[in-house]
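Residue numbers (full-length UniProt numbering), protein chains in the order written: chain W, 1 to 271; chain G, 1 to 364. Beta carbons are placed, not taken as given, at the ideal position from N, Cα and C, and that holds for glycine.
Right, dumping it as structure tokens:
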């Protein structure tokens, strides 16, 4: 089954300038249109929304929580770095989001960040060590998630007799998204990923067995041509698409009304 | 000076009554008939109950809610970010321990929440009780070092907020940290700072807008405030976290306590290093075994920790008595309250309707 996700905006759009004589009651600083994008994805039957880490935009976790509250069915994938929080804390925060929002949160762990961006966010780790840290982060997060009495002493993080409290409300561990084509990246995916995201042109055969292959690509051309592009990837085993829209809200509806039906015609399922 | 009165929001689930204790609201414990917001098949879950508490709190006359954070609770950042659209004036007082989040990430999250709420974020900075609980969180930093880290954390957070900012310190290194243009110029959240140890009081002097204490016998509280003043170049304002059990008559109020006490267990401290908790216990040392023996001064009762996890002291009495005790605290120098009661929803409405209107403040 093919799944289509749309990338949510993280910055406020520049407001259209209204003529002087038109009464303007718009609030002074409207935020990004992430909520409208999420609702469009939900109404249109898309599979989800990706809220990317954007150093120049609003925080992805805060935006993702609002999208989750506005929707009931779609998945919401939030991108963040393993340097932003300890794995215990990331697990605790995410467990609450899962309890609140019917288990629809997914994590995209950003590992291969631009070094200047990383330093500005307090992260001085570089090179393959970042993949070791990501491995430890995901291992510990899963460990405390699965129950009481979990201990681990790692190079970057540690926990003693940890474990999240029991919840009556279902609280699945977030689906894990990873990306990258280096041996370290692919190795990390083989151990932890549910979804591995490729760039256009990457070989889908690189994606480890048992991990869903995804491609992140811009929404370009008309709906027919774009659908053909997705079908070509499908033929190579790609089952998830992350679409970077030019105009998130409008493009989410275009995907819903014009691309999904075309995809469904071929494959029987799409969303 | 206006007094800010907050109401706690239950992050650990809620009980139908203080005397009953069992958490049946909010989806943590096992299901039982009568449980609210179980999140089973109807799609309504823990967050919907919390949203109801937030709305009731706002309507009842409180300025916002303290969202506490312990191993057994939900997470305040997750809750606040999920509830931004439910209220229009309610302030989200987010409890967190520096060290679990990187300060740059905390700055980004805070500024984004400020933008989403119109500046309604307030911090409750806690530095941790220590002991096994701290290792549960995956934190190996020692008690006194945690306050040094808290100080550095807040330096970095403020530096990035007003960035660009470079920092090479003991716990954090940042090069060119800044908020993006979309998030610049948001108001920096007010800081409520908790901690009873000398290390905490020293750190509070530097960073706190409000020094927040659990309720204690009033003379002990006055002494604690004096200590904080002595350690601060610019003394902070003072806030107290107070459980309230107020009823139309005093007998009704104590009857609730009596019934709760009959089924209460003596909760162990859990090996906590929390100086506040030990201090609290010391005020009732040698008290008799009856629940009334823990009434250390009129209406000030030190047994709340036996009825639900958390602070020891709170107020028990009729509406007028409770209001009078709160007025006494205001005269003693308290600038803000975080009140609480179980169940948080109905008790917010009751206290807002029957107690808050009786307050006279400094004039009393």
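In the structure shown, the three-state DSSP call for residue 180(G) is coil. DSSP, read as helix, strand or coil, puts residue 346(G) in helix.
Under the three-state reduction of DSSP output, residue 201(W) falls in the coil class, being neither helix nor strand. For residue 162(W), the chain G residues whose Cβ falls inside 9 Å of its Cβ are 71, 135, 136, 137 and 138, in order along the chain.
Taking the beta carbon of residue 157(W) as reference, the chain G residues within 8 Å of it are 138, listed in sequence order. Under the DSSP assignment, residue 213(W) falls in the beta strand (DSSP E) whose first and last residues are 212-218. Considering only 187(G), 70(G), 88(G) and 177(G), the residue with the shortest C-alpha distance to residue 136(G) is 70(G).
Between residue 91(W) and residue 144(W), the beta carbon gap of about 5 Å places them in contact (Cβ cut-off 8 Å).
Counting other Cβ atoms within 10 Å of its Cβ, residue 97(W) reaches 16 or more and is therefore classed as buried. Here residue 88(G) is exposed, its C-beta having fewer than 16 other C-beta atoms within 10 Å. When the beta-carbon positions are compared, residue 177(W) and residue 106(W) come within less than 7 Å of each other.
Nearest to residue 254(W) by alpha-carbon distance, out of 167(W), 265(W), 224(W) and 231(W), is 224(W). Within the same chain, 195, 196, 197 and 200 come within 8 Å of residue 275(G) by CB-CB distance, once the 5 residues on both sides are set aside.
Under the three-state reduction of DSSP, residue 139(W) is assigned to helix. In the three-state DSSP reduction, residue 225(G) falls in the helix class (H, G or I). Ranked by Cα distance from residue 108(W), the first of 149(W), 93(W) and 196(W) is 196(W).
Closer than 7 Å to the CB of residue 46(G) there is at least one CB belonging to chain W. Relative to the Cα of residue 298(G), the nearest Cα in the group 290(G), 277(G), 322(G) and 281(G) belongs to 322(G). When DSSP states are grouped into helix, strand and coil, residue 66(W) belongs to the helix group.
Residue-level contact check: residue 1(G) does not touch chain W, since none of the beta carbons of chain W fall below 7 Å from its beta carbon. Within chain G, not a single residue places a beta-carbon under 7 Å from that of residue 146(W); the smallest gap is close to 15 Å.
Taking every protein chain shown into account, the CB of residue 11(G) has 16 or more other CB atoms within 10 angstroms, so this residue is buried.
Ranked by Cα distance from residue 233(W), the options 261(W), 203(W), 210(W) and 95(W) are led by 203(W). Chain G places no beta carbon closer than 7 Å to that of residue 171(W), leaving this residue out of the contacts. In the displayed model, residue 218(G) falls within a helix according to three-state DSSP. Residue range 132-136 is occupied by the alpha helix (DSSP H) that includes residue 134(G). Comparing alpha carbon positions, the residue from 101(W), 44(W), 19(W) and 56(W) closest to residue 72(W) is 101(W). In this structure residue 21(W) is exposed. Its beta-carbon is surrounded by fewer than 16 other beta-carbon atoms within 10 angstroms. Chain order gives the chain G residues near residue 68(W) as 82, where near means a beta carbon separation below 7 Å. When the alpha-carbon of residue 179(G) is set against those of 261(G), 112(G) and 214(G), the nearest one is in 112(G). Just so you know, the alpha carbons of residue 97(G) and residue 125(G) end up roughly 6 Å apart. DSSP links residue 74(W) through a beta bridge to no other residue. DSSP, reduced to helix, strand and coil, places residue 360(G) outside both helices and strands of the structure shown, so it counts as coil. Fully enclosed beta strand (DSSP E) runs of no fewer than 3 residues occupy 295-297 and 314-318 of the region 254-337 of chain G, in order along the chain.
The beta-carbon distance between residue 63(W) and residue 34(W), rounded to whole angstroms, is 5 Å. This is short enough to meet the 8 Å contact definition. Between residue 86(W) and chain G, the shortest Cβ-Cβ separation is below 7 Å.
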